[in-house]
Amino acid sequence: MAVAACALLCAAYTTGDARADELSLKGKKIGVSIVGTDHYWDLMAFKGITEEIQKLGGEAIALDAGRKDQQQIAHLQTLLAQKPDAVVEVLGNIEVLNPWLQKIKEAGIPLFTVDTVTPHALNNTTSNNYNIGAEIALQMVADMGGKGNVLVFNGFYSVPVCKIRYDQLKYVLTSFPEVKIIEPELRDVIPNTVQKAYSDVTDMLTKMPEKDSVKAVWACWDVPQIGASQAAEAAGRTEVRTYGIDGSPEVIKMVMDPKSTAAAVAAQQPYEIGRTAVQNVAKHLAGQVVPPFTMVPAVLINKENAAEKGKPFLDAAEAAGVK
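The opening position of the sequence shown corresponds to residue 670 in the working numbering, with each subsequent residue numbered one higher.
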């Protein structure tokens, strides 16, 4: 189980879990709606949710929307009709989802979210994306020496966590006026994320061929970082450094490789986030008060600390059967 491998990461930080062994979802049905499970983070969060429901004796009504907004809406309608004891919703386009999340609340079904900020949820379990956004931006600025041009992927601003991370990037850059975002910003996509990032960065490096004309590439998640790194290396532009957030095993390995242009990634604990969300559900159903948000710590992995900090995350991925 992935949680065993990440226990060392979580032990120093996780709070409010002292009574976890006493929690139960026996006889409870918990609806789970996730936007998709094709990305490492999503898959691990989904596993954390469904496995913790099972561990606590509950039944999961687990629905994967396959990255289709309308499919996720249909799933929320299904859950509304089935009236589970609670719903856990994971990621998605908040502008599309909010009316249906409101309907769940109005139906009297306790709503819990993962990485979805909405006034309709009792609790949102997530990483501290304010801290993550600032931390990865500061790492990038430091590596750039406080000046230079940055390519930014900004295709998912309607996803709350991406909005927070992007806004934190812009806030950090207000203190570093010599760091400029190249306009127009790039648009990451799903699917074919790596291929599109590779193509877009290749095109921009071709248009800006002078050494150091591009210093960095930033994305609010780390799949575009893979394509961006591959593009910089293929173009022989090893001065270009890439930055992302999530901590997919492939990206952590790239950061660990001294020859890779992947400079840093903020690695989250998605399995632990999912598991914690379910514990919050169980606490609420047992009559306990849960806070409006629960934050699970992330770890900044860079070239200097990658050998030490990256290994526990790779161990967790291997334990979950993800290479």
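Built from N, CA and C at the ideal position, the CB exists for glycine as well.
Start-to-end residues for the beta strand (DSSP E) that takes in residue i
| i | result |
| --- | --- |
| S702 | 698–703 |
| N974 | That residue, N974, is in no beta strand (DSSP E); it is neither H nor E in DSSP. |
| I850 | 848–850 |
| T795 | 792–795 |
| V819 | 817–821 |
| V959 | Neither: V959 is in no beta strand (DSSP E) and is coded neither H nor E. |
| E728 | 728–733 |
Residue i vs residue j beta-carbon contact at 8 angstroms
| i | j | result |
| --- | --- | --- |
| T794 | V909 | no |
| R856 | N823 | yes |
| G726 | L694 | yes |
| Q837 | A866 | no |
| P860 | R736 | yes |
| M877 | V883 | yes |
| E941 | G717 | yes |
| E804 | L969 | yes |
| P960 | N792 | yes |
| V759 | V783 | yes |
| R906 | L874 | yes |
| M713 | A988 | no |
| V991 | Y709 | yes |
| S796 | A951 | no |
Chain-order list of residues whose beta-carbon lies under 7 angstroms from that of residue i (same chain, five-residue window excluded)
| i | result |
| --- | --- |
| Q771 | H789 |
| F982 | G916, I921, A936 |
| M925 | A975, A976, G979 |
| K816 | E847, V848 |
| T719 | V701, A729, A731 |
| E902 | T930 |
| T963 | N792, T794, T945, N949 |
| R834 | N798, I801, G802, C889, I914 |
| V841 | A803, A806, L807, V810 |
Own chain residues within Cβ distance below 6 angstroms of residue i, not counting five before or after
| i | result |
| --- | --- |
| I742 | W769 |
| Q740 | A734 |
| F825 | C831 |
| G761 | V704, Q741 |
| G685 | Because G685 sits at a pLDDT of 43, beneath the cut-off of 50, its placement in the model cannot be relied upon, and the point is left open. |
| A986 | P918 |
| K697 | G727, D754 |
| L745 | S702, W769 |
| I851 | N818, L820 |
| K774 | L780, H789 |
| F715 | I703, T706 |
| A904 | L874 |
| A900 | Y867, V870, T871 |
| D738 | N762, V765 |
Beta-bridge partners of residue i, as assigned by DSSP
| i | result |
| --- | --- |
| A936 | D915, V968 |
| R910 | A885 |
| T963 | T794 |
| A866 | In DSSP, A866 forms no bridge with anything. |
| A750 | BP columns for A750 are empty, so no partner. |
| V756 | G700, L780 |
| A931 | T911 |
| L855 | F822 |
Close-in-space but distant-in-sequence residues of the same chain around residue i (CB under 8 angstroms, 5 per side omitted)
| i | result |
| --- | --- |
| D891 | G913, I914, D915, G916, S917, V920, V934 |
| I763 | T785, V786, T787, S827, V828, P829 |
| A932 | Q808, M809, D812, A885, R910, T911, Y912, V924, N971, K972 |
| D881 | G817, E908 |
| L692 | L725, Q948, A951, K952, A955 |
| E879 | none |
Residue i: first and last residue of the uninterrupted alpha helix (DSSP H) it sits in
| i | result |
| --- | --- |
| V886 | First-last for V886: 885–887, but that is the beta strand (DSSP E), not the alpha helix (DSSP H). |
| E902 | 892–903 |
| L780 | Careful: L780 lies outside any alpha helix (DSSP H), inside the beta strand (DSSP E) at 780–783. |
| E721 | 709–724 |
| K772 | 763–775 |
| V841 | 829–842 |
Counting Cβ pairs closer than 8 angstroms, one from the region 753–765 and one from the region 776–784, do we hit at least three? Short answer: they touch.
Does the contact criterion of 3 or more C-beta pairs under 8 angstroms hold for the region 726–745 versus the region 698–709? Using a Cβ-Cβ distance cut-off of 8 angstroms, the region 726–745 and the region 698–709 are in contact, since at least three pairs of beta carbons, one from each stretch, lie closer than that value.
Across the region 939–946 and the region 890–908, are there enough close Cβ pairs to call them in contact, namely three or more that are closer than 8 angstroms? Here the region 939–946 makes no contact with the region 890–908; the two share fewer than three CB pairs at distances below 8 angstroms.
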